[in-house]
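Comments concern the structure below.
Numbering (the working numbering), first residue to last: -7 to 272.
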């Protein structure tokens, strides 16, 4: 007696094979899915926003439609008054980030390479890293007064703790096999530190830098709102809210989101280019 193949199983396998071949034969569809999927979330948000605005569920004075808001954003950023404020926020964020990276990276790597030294300051790092940066604004006002540097300083303070924490743990969590291999080959402690520990910690350092630049942007915008600023996206948002210019307020909020997203994408690109061996 000859065994008969399972017709249902065979038909399912045939359908899977046909489906797989269809995807392989349609690279255009694969490209559409690759670049189209990230747009689904923003499109859904746009449709919900437009639907709520058209239905009148929320007073249009408080929630204008997305189209007039986007028009305000575009005209403001391309030659309008929002452009200067946008670049002032970028400039302060980059200043704060540069200070945080310049101080935090070498300090974090040095602390991470010496376990006793790190344990001696671990509480301080964790304590201030867990303290909301906005709670430090009164202290920084006492020290630096109402100045532009105050906004940069408080953002740098919040960001540097993230850089120190990530870079230190990157060094401490370096792969022991590679360290031991370098020591077996006769490498000095300095060579192990320079040629192994620094490179092993680079991925964690980039994660810290990416998180730090986002934190710097958040704190800069908060400082622009509440520390006597005459420009910047935070200044635009809080002033527009106070005079009920809600289109400009939402445009400023969207501009900060766009800026944060662009900074994150830039650092992801740099990380993939520089730390291309990550995970190997």
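Just so you know, even glycine gets a beta-carbon here, dropped at the ideal spot from N, CA and C. Since this is a predicted model, take the numbers as computed values, not measurements.
What number of angstroms, rounded off, separates the C-alpha of residue i from the C-alpha of residue j?
| i | j | result |
| --- | --- | --- |
| residue 89 | residue 266 | 19 angstroms |
| residue 235 | residue 148 | 31 angstroms |
| residue 230 | residue 136 | 22 angstroms |
| residue 78 | residue 47 | 32 angstroms |
| residue 255 | residue 205 | 7 angstroms |
| residue 26 | residue 34 | 15 angstroms |
| residue 30 | residue 38 | 14 angstroms |
| residue 62 | residue 131 | 38 angstroms |
| residue 128 | residue 134 | 10 angstroms |
| residue 161 | residue 138 | 36 angstroms |
| residue 240 | residue 233 | 8 angstroms |
| residue 283 | residue 146 | Since the displayed the chain opens at -7 and closes at 272, residue 283 lies outside it and no answer follows. |
| residue 251 | residue 227 | 16 angstroms |
| residue 102 | residue 75 | 40 angstroms |
| residue 217 | residue 224 | 9 angstroms |
| residue 80 | residue 150 | 19 angstroms |
| residue 262 | residue 107 | 30 angstroms |
| residue 98 | residue 222 | 35 angstroms |
| residue 40 | residue 158 | 38 angstroms |
| residue 116 | residue 141 | 24 angstroms |
Output the boundary residues of the alpha helix (DSSP H) element that contains residue i.
| i | result |
| --- | --- |
| residue 239 | 238 to 266 |
| residue 142 | 140 to 164 |
| residue 101 | 73 to 104 |
| residue 123 | Premise fails: residue 123 is in no alpha helix (DSSP H) and is neither H nor E. |
| residue 130 | 129 to 136 |
| residue 200 | 194 to 218 |
| residue 231 | 225 to 234 |
| residue 184 | 181 to 184 |
| residue 68 | 58 to 69 |
Is residue i near residue j, with beta carbons less than 7 angstroms apart?
| i | j | result |
| --- | --- | --- |
| residue 68 | residue 243 | yes |
| residue 163 | residue 105 | yes |
| residue 56 | residue 42 | no |
| residue 143 | residue 212 | yes |
| residue 94 | residue 156 | no |
Give me, in chain order, the residues of the same chain whose beta-carbon lies closer than 8 angstroms to that of residue i; leave out the 5 immediate sequence neighbours on both sides.
| i | result |
| --- | --- |
| residue 179 | 187 and 188 |
| residue 154 | 92, 96, 121, 200, 203, 204 and 207 |
| residue 50 | 44 |
| residue 53 | 236 and 238 |
| residue 283 | With the chain covering only -7 through 272, there is no way to say anything about residue 283. |
| residue 198 | 259, 262, 263, 266 and 267 |
| residue 110 | 103, 104, 160 and 164 |
Tell me which same chain residues have a C-beta within less than 6 angstroms of the C-beta of residue i, skipping the five on either side of it?
| i | result |
| --- | --- |
| residue 126 | 214 |
| residue 65 | 243 and 246 |
| residue 85 | 208, 209 and 212 |
| residue 152 | 92, 95 and 96 |
| residue 87 | 144 |
Can you list, in chain order, the residues of its chain with a C-beta nearer than 7 angstroms to that of residue i? Leave out the 5 residues immediately preceding and following it.
| i | result |
| --- | --- |
| residue 258 | none |
| residue 60 | 239 |
Would you say the beta carbon of residue i is closer than 6 angstroms to some non-hydrogen atom of the ligand ATP?
| i | result |
| --- | --- |
| residue 224 | Absent from the structure shown: the ligand ATP. Ligands present: none. |
Can a CB atom of chain B be found closer than 7 angstroms to the CB of residue i?
| i | result |
| --- | --- |
| residue 88 | Looking at the structure shown, chain B is missing, and only one protein chain is on hand. |
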